[in-house]
Amino acid sequence: MTARTSAESPRGIPEATVARLPLYLRALTALSERGTTVCSSEALASAAGVNSAMLRKDLSHLGSYGTRGVGYDVANLRYQISREIGLTQDRNVAVVGLGNLGQALANYAGFRSRGFRVVSLLDADPRLFGMTVADLQVRPVAELEAVVAELDVAIGVVATPAEAAQEVTDRLVAAGVASILNFAPTVLSVPEGVDVRKVDLSIELQILAFHEQRRSPSYAPTISTTPAARGAVAVQEEGR
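Start counting the sequence shown at 1198; every next residue gets the next number (our numbering).
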């Protein structure tokens, strides 16, 4: 069974809205750091990169925190969104796979400032056991279940090679971890009730390459010889 794909979160908030809440939180944090105490929906929407109508609709799912003609109290809205996301308490994180990417994730200071505590690092390579990364000693992946129970791990970060990712995920789930961030270049299968977020840097780079190619002056789209395909290309060109 695959990860949950429902259009709504367990609290009834649309998943599209949930995906934008961190954008609003980031924008509010930046506004707060600049000394802004009150902002309009237009200003907040612009800072978050969305339109103001979408922002107001999204925030309506959380309650009414704005004042007509005045705007939003930055500190209060920042707290309310943090509470809704679940950032008002620390979440313990275990990183499995200590290659270059895993070590970079372990050293990422942004986790701590956003309420995520990396409490354990695990790998299958005996040469890494006992090595210190970000003030934590790398432990054998064989200890995964014990680590989850001992350190109350809430989120598992899978940064292993593709061939090991599913087994590691199965073990995390069996140990009680229901939230997984997947950096492995593979699709994971998990039971109902387990959330997986996939981060694939190579795919993002390929998408950028697609758009970069189309900005090239020498780019010429491949035209199919079939009438149906030619019609589809014509429609696409009209919609640009």
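From the three backbone atoms N, C-alpha and C, an ideal C-beta is built for every residue, glycine too.
Inclusion of Ser-1376 and Asp-1397 in the CB contact set at 7 Å is not warranted, their separation being larger than that value. In this structure, the CA atom of Ser-1243 is about 16 Å from the CA atom of Thr-1234. Within a 10 Å sphere around the beta-carbon of Gly-1260 sit fewer than 16 other beta-carbons, which makes this residue exposed. Listed in chain order, the non-local C-beta contacts of Leu-1222 below 6 Å within the same chain comprise Ile-1278, local neighbours out to five positions each way being set aside. The continuous alpha helix (DSSP H) containing Ile-1404 extends over residues 1398-1412. Taking every protein chain shown into account, the CB of Ser-1257 has fewer than 16 other CB atoms within 10 angstroms, so this residue is exposed. When beta bridges are read from the DSSP output, Tyr-1269 appears opposite Cys-1236, Gly-1263.
Between Val-1355 and Ala-1346, the gap from beta carbon to beta carbon reaches 7 Å or more.
Ala-1224 and Arg-1324 have their C-alpha atoms roughly 42 Å apart. Non-local beta-carbon contacts of Gln-1300 in its own chain, meaning distances under 6 Å to residues more than five positions away in sequence, involve Val-1330 in chain order. Rounded to the nearest whole angstrom, the C-alpha separation of Val-1384 and Glu-1342 is 22 Å. By the criterion of a C-beta distance shorter than 7 Å, Val-1370 is surrounded in its chain by Val-1387, Pro-1388, Val-1391, once the five residues flanking it on both sides are discounted. Residue environment: Arg-1411 is assigned as exposed (fewer than 16 neighbouring CB atoms within 10 Å of its CB, all protein chains considered).
For Val-1292, the enclosing beta strand (DSSP E) starts and ends at 1288-1293.
A residue is called buried once 16 or more other Cβ atoms fall within 10 Å of its Cβ, and Gly-1294 is buried on that count. In the assembly as shown, Asn-1304 is an exposed residue. Its beta-carbon has fewer than 16 other beta-carbons within 10 Å.
One thing to note: Leu-1228 has its Cβ no nearer than 7 Å to the Cβ of Val-1267. For Asp-1287 against Gly-1312, the beta-carbon gap comes to about 5 Å, under 8 Å, which counts as contact. In the structure shown, Gly-1299 adopts helical secondary structure according to DSSP, grouped into three states.
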